[in-house]
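Numbering (my numbering), first residue to last: 510 to 857. Even for Gly, the Cβ is constructed at its ideal location relative to N, Cα and C.
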């Protein structure tokens, strides 16, 4: 209810893949293997946005991966209700390696909300998620990923995006619960002109979690716009590396990087490394980065209004990690906020 379609995978098995009847002529949702059986032409897209030899994780997925989803929005179709995908790790000590392909045909649009999580009794696990996005001319996709892993689960998303003229891609990554280690560096290639891409991440690192994340936007064509935004809070002994790379090869491109970190513990660590590379004198690339602690004056002000110190600090942290900075559509905003409130309620 309230969704255009859903896909659910548990461990290596597809549990559910359905489309709402009002969108049956607008999109397609299949498991990765079923899509390969049905569509010979799909081989033209497999391993084109992500190389199978990029690292040992992509190589393993190419050789032994199981599952994942294929989502295609047909030409000219506007899918208003959100699509949902869930990858669930239920078995202890399992290595889940999936391959996802999202194909947006010309002038199509959609919102995709994915949730990845583990069963409460799963102590250890490993998740590899290879995701390839193809945005044809004039298409628009907002992709929001919410991770809820366990403190002993290692996660390796491997994402590639190929964009054509006048397409729009917005990626939002949210992780507010502990994880053993997470490493992600999505790569977006804007092949044409007048396209727009945004990579946003909101992370709350706790425990001994290790995060290495960011993104790379390559503006190969001209008159494109790229933005990378990162908001990170670290507590206890968590360590976060925020990497962001903007590359402009064509002319008249505009790009901006913003990395902000908030440290709550002297045992935690944040590293912000923005990188700008331009081969065009008519392009403009900018960046700003800041790492610091809670503003004591703001804490004292809230305490003067009747809040306890922890209540004041929690309020400021929630404001710093406010998902409204992602500028989601209202109906999707409400869904994401509910998920975030549950996660934050367990942690704060």
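Cα-Cα separation, residue 676 to residue 622: 19 Å
For residue 726, the three-state DSSP class (helix, strand or coil): strand
Close beta carbons around residue 532, own chain, < 7 Å, minus the five adjacent residues each side: 513, 514, 588
Three-state class that DSSP yields for residue 554 in the structure shown: coil
Cβ contact check for the segment 814-833 and the segment 664-678: 3 or more pairs under 8 Å: no
Which residues DSSP lists as bridging residue 610, in chain order: 579, 641
Minimum length 3: unbroken beta strand (DSSP E) runs contained in the segment 619-690: 634-644, 649-657, 662-672, 677-684
Rounded C-alpha distance that separates residue 549 from residue 563: 25 Å
Euclidean distance between Cα positions of residue 715 and residue 746: 7 Å
First through last residue of the alpha helix (DSSP H) which encompasses residue 818: 818-829
Buried or exposed (CB count within 10 angstroms, at least 16 for buried), residue 788: exposed
Beta-ladder partner(s) of residue 741, from DSSP: 712, 770
Alpha-carbon spacing of residue 682 relative to residue 651, whole angstroms: 11 Å
Beta-carbon gap between residue 663 and residue 600 smaller than 8 Å: no
Buried or exposed (CB count within 10 angstroms, at least 16 for buried), residue 609: buried
Touching by the beta-carbon criterion (3+ pairs, under 8 Å), the segment 678-694 and the segment 715-725: yes
Which of helix, strand or coil DSSP assigns to residue 706: strand
Cβ shell of residue 780 (< 6 Å), same chain only, five flanking positions each side left out: 750
Residues near residue 594 by beta carbon distance below 6 Å, same chain, minus five either side: 516, 578, 623
Beta-carbon separation (whole angstroms), residue 744 vs residue 774, contact threshold 8 Å: 5 Å
Cβ-based burial, residue 762 [other Cβ within 10 Å; buried from 16]: buried
CB-CB length for residue 801 against residue 771, believed under 8 Å: 7 Å
Residue 812 - containing alpha helix (DSSP H), residue span: 805-813
For residue 792, the nearest candidate out of 735, 813, 556, 829 (CA to CA): 735
Enclosing beta strand (DSSP E) for residue 592 [first to last residue]: 592-598
Beta-carbon spacing of residue 582, residue 619 below 8 Å: yes
Alpha-carbon spacing of residue 795 relative to residue 757, whole angstroms: 12 Å
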